[in-house]
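Under the working numbering, think of the first position of the sequence shown as 17, with each following residue one higher. For glycine and all other residues, C-beta sits at the position ideal for the given N, C-alpha and C.
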Amino acid sequence: MHSYLVCGGSDQEIDNTIEKIKSRLGGDTYEYRIDKISDVRELSTLAKLKAERPTWIIIKKVDEASVPAMNAFLKNLEEPQEYINYILLASSIHKVLPTIVSRCQIINLVTKYQLDKITQNYIEKFLLSNYSYKLS
Numbered sequence: 017m018h019s020y021l022v023c024g025g026s027d028q029e030i031d032n033t034i035e036k037i038k039s040r041l042g043g044d045t046y047e048y049r050i051d052k053i054s055d056v057r058e059l060s061t062l063a064k065l066k067a068e069r070p071t072w073i074i075i076k077k078v079d080e081a082s083v084p085a086m087n088a089f090l091k092n093l094e095e096p097q098e099y100i101n102y103i104l105l106a107s108s109i110h111k112v113l114p115t116i117v118s119r120c121q122i123i124n125l126v127t128k129y130q131l132d133k134i135t136q137n138y139i140e141k142f143l144l145s146n147y148s149y150k151l152s
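Structure representation (structure tokens):
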């Protein structure tokens with residue numbers, strides 16, 4: 017896999033996950049933003065350069081990029097250059113285009129607070145449900 021999408025989690029959890037990926041796979045690392053199409057064009061120019069060793073391009077807040085920028089970035093994922101890999105970061109997988117998500121290995125990070133909230137929502141739903149639902 018040449019691209020990963022890290023979703024959710026605290027900044028520290030995200031940084032730790034990035035470090036684990038980089039240490040396992042090695043190579044150079046660059047951070048980049050793709051807020052608009054012109055950013056993607058610059059990144060595409062960089063990605064076309066011949067890399068001689070694994071190179072990781074970290075794109076933070078990919079979920080905040082414009083839809084045209086995400087669509088333009090898609091070509092980088094569809095036609096990967098040798099040794100060029102991507103780590104995309106997003107607060108939520110639902111804010112990223114499905115075509116990008118489908119080309120990435122997903123790493124979901126859930127903070128304890130988020131997990132507690134999810135659990136609390138399930139408990140509340142259960143308590144508010146009718147008696148026959150609770151028995152099934």
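- With the rule of 3 Cβ pairs closer than 8 angstroms, the stretch 25-37 does not count as touching the stretch 48-64.
- In the displayed model, Glu29 falls within a helix according to three-state DSSP.
- Taking Arg49 as reference, the option from Gly25, Ile103, Lys111 and Glu95 with the minimal CA-CA separation is Ile103.
- In its chain, beyond the 5 residues on either side, Ala106, Ser107, Ser108, Lys111 and Val112 have a beta carbon closer than 7 angstroms to the beta carbon of Asp79.
- Residue pairing for Gln121: DSSP places it in a beta bridge opposite Tyr20.
- Leu113 carries a coil assignment under DSSP once its states are collapsed to helix, strand and coil.
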